[in-house]
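Here's the structure, in structure tokens; my notes come after.
In this note's numbering, the protein residues as written are 3 to 491.
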């Protein structure tokens with residue numbers, strides 16, 4: 003695990019702007035020089051975030067024996083993309099030994115097979131981006147034959163990306179109408195609510211969510227250290243498991259006993275599920291003898307939300323908690339602005355925000371495809387390290403939640419996309435327009451993040467880095483989520 007505390011090193015930003023990928027002419031997976039630059043920049047970003055674990059440039063990494071770990075999913079994808087370019091430039095048919103970056107990779111026969119599988123996928127994506135649908139069916143069929151929803155991470159990610167490409171083709175050729183896509187999205191979102199136990203299990207087994215939850219809660223506890231009445235407004239409460247940790251922290255305070263913890267959950271759908279969450283939290287609060295109340299604010303349209311909906315009381319310390327929620331409103335800028343104006347009127351003492359640290363919004367389809375593929379390769383690689391391949395929770399979360407996220411990025415455009423991921427630099431500029439100022443995470447909060455990582459058997463692969471005042475969590479150097487804390491100026 004690599005970690006750099008603020009003030010101890012230069013605070014660099016890990017930011018990659020998508021670049022335009024050229025049009026390949028080869029029937030193989032031939033990316034242009036611009037695509038190669040995207041991968042080289044991505045490699046530099048990973049080296050920056052995980053430089054403590056890099057080998058010396060002169061080292062040779064051999065991957066041809068049983069006692070040497072196989073290439074990670076991300077490495078397979080980077081090698082495949084790079085060798086696609088090399089094939090186009092050199093017409094080399096030898097994939098068993100190749101150079102990438104500063105290291106020599108000696109691939110096993112399986113390694114070659116999976117590199118070629120990714121090459122077929124990339125070639126298919128390039129043809130889809132060019133709307134050459136008559137030339138893509140054979141490539142997608144090959145991907146179907148070699149991929150699997152129950153196989154290794156490479157096979158799984160190809161399986162779901164192939165499905166996303168097929169849906170994009172169906173959408174662009176009129177086999178699925180916009181109305182049909184809307185119905186599918188609504189059904190998937192409702193199904194994901196019922197799948198919440200499986201998603202919760204994945205969250206508990208993977209380090210990213212717990213790092214964000216416990217570090218964010220630590221920031222709230224510290225900010226509210228002198229407050230006896232705490233009002234938390236959760237914009238996307240889900241199971242609410244994070245508030246169990248808050249209750250435990252509040253009951254441990256002896257110098258400032260809590261008179262009331264009020265949690266207000268905000269929602270636009272799934273009222274019964276949110277009410278069930280409230281009941282579970284109330285039951286736990288009773289077991290630890292913590293004064294507690296739970297409120298629910300439901301609106302069909304976020305534009306109808308008002309400050310008065312939250313029933314504020316004098317003397318309350320107000321904290322707003324947003325976990326992976328704001329991205330859902332980027333496709334609805336009026337709703338996002340309306341929500342932020344209400345939050346500004348609430349004048350919370352602190353706002354904790356967790357968002358994906360990714361940008362899958364390029365207008366150039368091939369740029370977006372490569373970035374999305376690299377991002378989700380880290381997610382699937384993490385699942386492989388943390389959970390069994392046949393785990394029902396893993397398979398359920400991949401088959402619905404991750405599949406939906408991949409399809410949202412690859413198959414849809416514009417307003418059809420139900421959420422969009424942007425990086426912390428975007429949120430800094432956006433939130434500044436509403437008079438919000440990013441604040442430092444305390445050393446205690448950062449220590450909390452380190453301790454969470456240490457609890458996981460796979461924690462050595464988890465990376466923590468600072469981007470300014472923001473904590474970036476990653477997997478083997480690939481940024482996954484950002485955690486930032488905000489106050490009003």
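Beta carbons are placed, not taken as given, at the ideal position from N, Cα and C, and that holds for glycine.
No experiment lies behind these values; they were computed from the predicted model shown.
- Per DSSP, residue 292 lies in no beta strand (DSSP E) and is assigned neither H nor E.
- By the Cβ rule, the segment 221-229 does not count as touching the segment 298-309, because fewer than three pairs are nearer than 8 Å.
- Taking the C-beta atoms as reference points, residue 409 is found nearer than 8 Å to residue 166.
- Here residue 309 is exposed: its Cβ has fewer than 16 other Cβ atoms, across all protein chains shown, within 10 Å.
- CA-to-CA, the gap between residue 418 and residue 288 works out to about 44 Å.
- Straight-line spacing of the CA atoms in residue 442 and residue 322 works out to 17 Å.
- With contacts defined by Cβ atoms closer than 8 Å, residue 489 and residue 435 do not form a contacting pair.
- Just so you know, the alpha carbons of residue 210 and residue 476 end up roughly 8 Å apart.
- Residue pairing from DSSP places residue 488 in a beta bridge opposite 353, 440.
- In the three-state DSSP reduction, residue 327 falls in the coil class, being neither helix nor strand.
- Taken atom to atom, the span from the alpha-carbon of residue 412 to that of residue 79 is near 17 Å.
- The DSSP-derived three-state label of residue 130 is helix.
- Per DSSP, residue 208 lies in no alpha helix (DSSP H) and is assigned neither H nor E.
- Your pair residue 292 and residue 268 does not check out as a contact, with CB atoms roughly 22 Å apart and the cut at 8 Å.
- In this structure, residue 214 lies near residue 485, with their beta-carbon atoms less than 8 Å apart.
- Per the coordinates, the alpha-carbon of residue 449 lies some 12 Å from the alpha-carbon of residue 467.
- Residue environment analysis places residue 258 among the exposed positions, since fewer than 16 neighbouring C-beta atoms fall within 10 angstroms of its C-beta.
- Excluding the 5 residues flanking it on each side, residue 116 has same chain C-beta neighbours closer than 7 Å at 78, 156, in chain order.
- Comparing C-alpha distances from residue 162 to each of 174, 250, 148, 426 shows the shortest one belongs to 148.
- When the beta-carbon positions are compared, residue 325 and residue 279 stay at least 8 Å from each other.
- Residue 301 carries a coil assignment under DSSP once its states are collapsed to helix, strand and coil.
- The C-beta distance from residue 263 to residue 294 rounds to 5 Å, short enough to meet the 8 Å contact threshold.
- DSSP places residue 264 in the uninterrupted beta strand (DSSP E) bounded by 262-269.
- Our two residues, residue 394 and residue 316, have alpha carbons roughly 47 Å apart in a direct line.
- By alpha-carbon distance to residue 136, the top candidate from 266, 229, 174, 458 is 174.
- In chain order, 404, 477, 482 place their CB closer than 8 Å to the CB of residue 381, counting only its own chain and leaving out the 5 sequence neighbours on each side.
- Per DSSP, residue 398 lies in no beta strand (DSSP E) segment; the continuous alpha helix (DSSP H) that holds it begins and ends at 394-398.
- By the neighbour-count definition (other C-beta atoms within 10 Å, threshold 16), residue 350 is a buried residue.
- The Cβ-Cβ distance between residue 233 and residue 270 does not fall below 8 Å.
- With fewer than 16 other Cβ atoms inside 10 Å of its own Cβ, residue 256 counts as exposed.
- Between residue 239 and residue 312, the CB-CB gap reaches or exceeds 8 Å.
- Cβ-Cβ separation between residue 123 and residue 164: approximately 7 Å, consistent with a contact (criterion under 8 Å).
- Look at residue 256 here: in three-state DSSP terms it is coil, with no helix or strand label.
- DSSP places residue 469 within a strand segment (E or B) once states are collapsed to three.
- Our two residues, residue 242 and residue 375, have alpha carbons roughly 30 Å apart in a direct line.
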